[in-house]
């Protein structure tokens with residue numbers, strides 16, 4: 002038995018000692034929806050078949066950039082079995098996930114911007130009939146010049162891909178300075194300048210996007226869809242269809258994997274909704290795998306330059322980060338992504354002065370958006386690889402260097418992010434110890450190496466996507482006389498365990514079993530709004546809402562039971578489906594009886610709970626991206642074997658420690674960590690969303706190099722290494738039972754840890770992701786020739802940056818506002834609402 | 043030569059054993075086993091991720107062997123035995139693989155799960171004591187994007203133990 006005093010002294014304890022008194026939370030359990038998933042009964046969107054269902058297919062542009070002169074659909078409409086044909090003029094209203102970039106049309110009216118942009122829809126009795134009819138639609142295009150990458154976009158202001166944005170084909174520019182970074186460099190002993198390139202990659206959920214829409218018997222609209230954000234889809238449908246939101250019901254079916262790829266309102270969702278209303282019959286669409294690749298909204302390709310000043314002891318004196326971001330053809334979450342690419346650098350290590358300049362350009366490729374880690378894995382890669390170089394130059398162990406500079410808990414950073422608990426130090430110590438780092442780093446034989454890296458991530462975006470002061474999550478509970486509890490919440494199950502989070506919290510508070518709970522989630526009609534499964538927000542936000550609702554229900558039950566048992570209600574304990582006297586446990590009532598007593602006393606028992614994040618101290622324009630109630634921390638050590646003749650990288654083992662606050666269900670938490678490691682290894686070593694140009698006679702089309710699951714390489718069961726997962730549990734008072742996020746953070750250290758391990762193994766720097774054998778071979782050839790043993794971008798192009806908003810950091814007396822913002826006097830609601838997945 | 047529109051093509055009719063029960067089904071002859079299972083027989087437990095034989099989500103057992111149902115014409119299944127995830131449980135009890143997958147976190151989103159379950163069943167039927175490497179090899183055609191596979195391996199191994207215990211305990 003450990004000494005309880007000893008325990009209270011240590012902020013970091015293992016999961017077992019955190020569990021006192023908890024019956025559900027912290028216990029490794031079967032998830033509440035586990036049975037449905039192993040019996041094939043989980044109903045995904047494409048599993049919905051309804052009588053009279055019709056099938057929809059979209060005609061997509063074969064050109065990357067063109068004007069639509071004319072669409073002739075007569076032959077398609079005459080095809081047997083075709084019910085309906087829609088074009089852009091049927092759905093002309095623009096929409097988009099962010100209020101600042103409402104730049105999409107469900108079907109392009111007169112302008113296509115990437116291969117795969119939809120121009121017409123056919124609805125037919127059979128799916129193949131709809132496919133046949135697509136071939137009968139004649140579209141007359143006027144081909145426009147195309148832009149394939151951000152450098153071309155900077156050099157080619159005309160023709161514009163969009164009529165909005167900063168100028169030319171620049172969508173968004175950000176320039177922020179927190180303290181005088183040049184002074185920081187002047188104080189440094191060493192200055193490091195490095196450029197990195199992070200190739201784009203995609204989510205690759207195994208479930209292809211699917212939607213089914215019907216006109217309800219009362220004339221309203223219902224749509225089932227594989228969406229992570231039913232509330233935002235609800236808003237987009239109301240806007241484009243010009244219907245009152247009250248007449249639209251969005252049901253987010255469980256997603257067969259999301260990873261951020263189902264977070265935008267999609268054209269196909271709007272099209273089937275419109276078709277169902279017009280035809281008064283169910284209409285379904287399921288994208289092909291190739292279409293999913295062209296839907297994309299995945300990781301932005303980012304070129305970046307890090308300039309960092311350090312003291313000899315490793316202390317950072319200033320960081321200047323520049324990013325050039327390939328946005329693809331639409332805004333999507335891109336404005337937020339541009340801010341995110343500069344937002345979280347300050348959350349891991351103390352950075353006293355920081356300057357960020359980011360530039361997102363439009364290109365004629367499928368739009369990029371949020372993928373697991375949204376906007377932050379790219380700069381995290383650069384930062385962590387550069388730290389490895391800094392450690393080497395300063396002759397410090399890279400683990401020790403990081404331990405010296407870890408940011409303190411409960412700090413407000415230079416860019417005014419308020420941190421919660423920070424257990425990065427413990428994470429680093431754990432992976433260093435578990436991996437036997439000290440005996441491996443720079444000591445393994447040639448060809449084998451280890452690398453270390455760290456990261457942090459939001460536990461929920463602090464601001465909603467559209468400006469409002471309402472809660473980010475709401476939960477209603479209904480108590481049944483039979484002893485059951487029903488949870489109603491908009492939270493969306495995408496595989497991460499959102500239903501299990503809600504059920505376990507409610508069950509823990511009420512002393513019942515999670516399987517006694519029924520869940521009605523992801524449905525805009527049944528439950529109060531939850532903003533969606535993005536930004537790792539569900540555990541903390543929906544969890545806190547559930548906690549509040551459950552505590553309120555508990556109070557009602559306790560009052561009724563206390564009266565019945567003639568006890569002070571403080572003496573009552575809720576556990577094992579009973580409510581009893583904690584001093585005499587045999588004296589009590591069953592949970593069902595307690596509900597009956599409460600119902601007799603108060604009437605029908607139902608409670609609500611909601612959660613609104615704390616206000617952020619970041620008041621400057623753009624300060625809406627990055628704040629979170631608290632941040633998770635991760636550290637990873639990756640071991641690699643690099644084959645010098647082929648450049649092939651084999652990863653035998655990964656050690657990762659994650660600062661989770663508290664693991665609500667350790668089985669699921671471990672799954673999120675290992676799934677993150679898996680996805681991180683895919684990004685590090687093989688995954689790339691790459692495009693190639695077809696010849697000019699084919700309009701210089703920019704087509705995906707390999708839009709298939711076979712050719713887009715992702716790790717298989719044969720590639721997955723052994724993973725040692727350590728959960729660091731230091732309950733954060735901001736989270737339900739102290740829980741922080743786990744869905745995204747553990748992905749972030751993997752890519753830089755792989756790059757650092759490759760350097761340890763064979764002495765070459767691959768400053769680019771993915772780290773493929775050809776790049777390693779090129780760098781090895783450079784090494785052999787006595788040149789710089791490196792593969793990566795050699796310069797950062799000239800970008801005309803706007804004047805930076807200057808925000809003095811807290812330690813220079815800053816109040817969170819910019820001191821040179823000419824728009825500063827405007828009320829906050831009038832400012833740009835950039836916000837934050 | 044232009045082919046006839048889909049609408050004017052005749053349907054085919056076959057009988058086969060689905061999860062141990064004889065079924066008669068008529069369908070458009072171009073349809074794959076995957077499509078007939080899902081669209082014509084209402085067995086939506088079998089999923090699809092590519093319909094090109096690349097992801098393994100649509101795996102079913104055909105005469106006990108794992109096949110990708112998106113690459114099998116339904117017409118090829120006349121008179122044969124097809125086992126899907128819906129047929130894994132016996133007498134209302136989950137197959138040990140289903141229990142261990144649910145208990146040990148081997149199913150996150152659950153989309154690849156049906157294909158992995160039947161593939162793992164075929165493995166354990168053929169080799170009741172596979173090594174970790176044999177499990178990796180057997181499942182290498184089934185992509186999972188959520189779990190990182192490790193909890194899947196552990197669930198297969200746990201089921202293997204349970205099945206062996208059951209076997210030993212049998213009279």
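Residue numbers (my numbering), protein chains in the order written: chain D, 2 to 838; chain H, 43 to 213. From the three backbone atoms N, C-alpha and C, an ideal C-beta is built for every residue, glycine too.
Taking the CA atoms as reference points, residue 362 of chain D sits about 17 Å from residue 113 of chain D. Against chain D, a Cβ distance below 7 Å from residue 167 of chain H picks out nothing, because the smallest value is about 18 Å. Within the stretch 138 to 149 of chain H, those residues whose Cβ lies closer than 7 Å to any Cβ of chain D are, in chain order, 140, 143, 144, 145, 146, 147 and 149. Judged by DSSP secondary structure, residue 308 of chain D falls within the beta strand (DSSP E) whose first and last residues are 303 to 311.
The three-state secondary structure of residue 438 of chain D, taken from DSSP, is helix. Taking the CA atoms as reference points, residue 458 of chain D sits about 38 Å from residue 606 of chain D. According to the DSSP assignment, residue 775 of chain D belongs to no beta strand (DSSP E) but to the alpha helix (DSSP H) extending over 774 to 785. Per DSSP, residue 109 of chain D lies in no beta strand (DSSP E) segment and is marked neither H nor E.
Within the stretch 76 to 91 of chain D, those residues whose Cβ lies closer than 7 Å to any Cβ of chain H are, in chain order, 80, 81 and 82.
Taking a beta-carbon distance threshold of 8 Å, residue 499 of chain D does not count as an interface residue toward chain H. By a beta-carbon distance limit of 8 Å, residue 225 of chain D contacts residue 213 of chain D. Their separation comes to about 5 Å. Residue 724 of chain D and residue 211 of chain D have their alpha carbons spaced roughly 33 Å apart. Taking a Cβ-Cβ threshold of 8 Å, the residues of chain D close to residue 131 of chain H are 40, in chain order.
With respect to the 8 Å criterion, residue 422 of chain D and residue 744 of chain D are not classified as neighbours on the basis of their beta carbons. Using a 10 angstroms sphere on the CB of residue 177 of chain H, the tally of other CB atoms reaches 16 or more, which defines it as buried. Neighbourhood of residue 136 of chain H in chain D, by CB distance below 9 Å: 36, 39 and 40, in chain order. Under the three-state reduction of DSSP, residue 709 of chain D is assigned to coil, being neither helix nor strand.
Taking the beta carbon of residue 255 of chain D as reference, the chain H residues within 8 Å of it are 151 and 152, listed in sequence order.
The criterion of a C-beta distance shorter than 8 Å is not satisfied by residue 526 of chain D and residue 484 of chain D. With respect to residue 529 of chain D, residue 490 of chain D sits close: the two C-beta atoms are nearer than 8 Å.
Neighbours of residue 181 of chain H in chain D, taken as residues whose beta carbon is under 7 Å from its own, are 718 in chain order. Restricting attention to alpha helix (DSSP H) runs no shorter than 4 residues, the stretch 330 to 398 of chain D encloses them at 335 to 344 and 378 to 394, ordered along the chain. Rounded to the nearest whole angstrom, the C-alpha separation of residue 352 of chain D and residue 165 of chain D is 35 Å.
Only buried fits residue 341 of chain D, as 16 or more other CB atoms lie within 10 angstroms of its CB. At the C-beta level, residue 137 of chain H and residue 163 of chain H come within 8 Å of one another.
Residue 56 of chain H and residue 287 of chain D have their alpha carbons spaced roughly 27 Å apart. Judged by DSSP in its simplified three-state form, residue 690 of chain D adopts coil rather than helix or strand. Taking all protein chains in view, the Cβ of residue 30 of chain D is crowded by 16 or more other Cβ atoms within 10 Å, so the residue is classified as buried.
Annotation for residue 209 of chain D: no alpha helix (DSSP H) segment contains it, and DSSP assigns it neither H nor E. Contacts between residue 209 of chain D and chain H, judged by CB atoms closer than 7 Å, involve 91 in chain order. By the neighbour-count criterion, in which 16 or more other beta carbons inside 10 Å mark a residue as buried, residue 653 of chain D falls on the exposed side. For the stretch 468 to 501 of chain D, the beta-carbon criterion of a distance under 8 Å to any beta-carbon of chain H is satisfied by 495, 496, 497 and 498. The residues 338, 341 and 342, in chain order, have a CB closer than 6 Å to that of residue 376 of chain D in the same chain once the five nearest residues on each side in sequence are set aside.
Judged by pairs of C-beta atoms under 8 Å, the stretch 64 to 81 of chain D touches the stretch 117 to 135 of chain D, as three or more such pairs exist. D:389 is the residue among D:493, D:389 and D:381 whose C-alpha sits nearest the C-alpha of residue 442 of chain D. Rounded to the nearest whole angstrom, the C-alpha separation of residue 96 of chain D and residue 103 of chain D is 4 Å.
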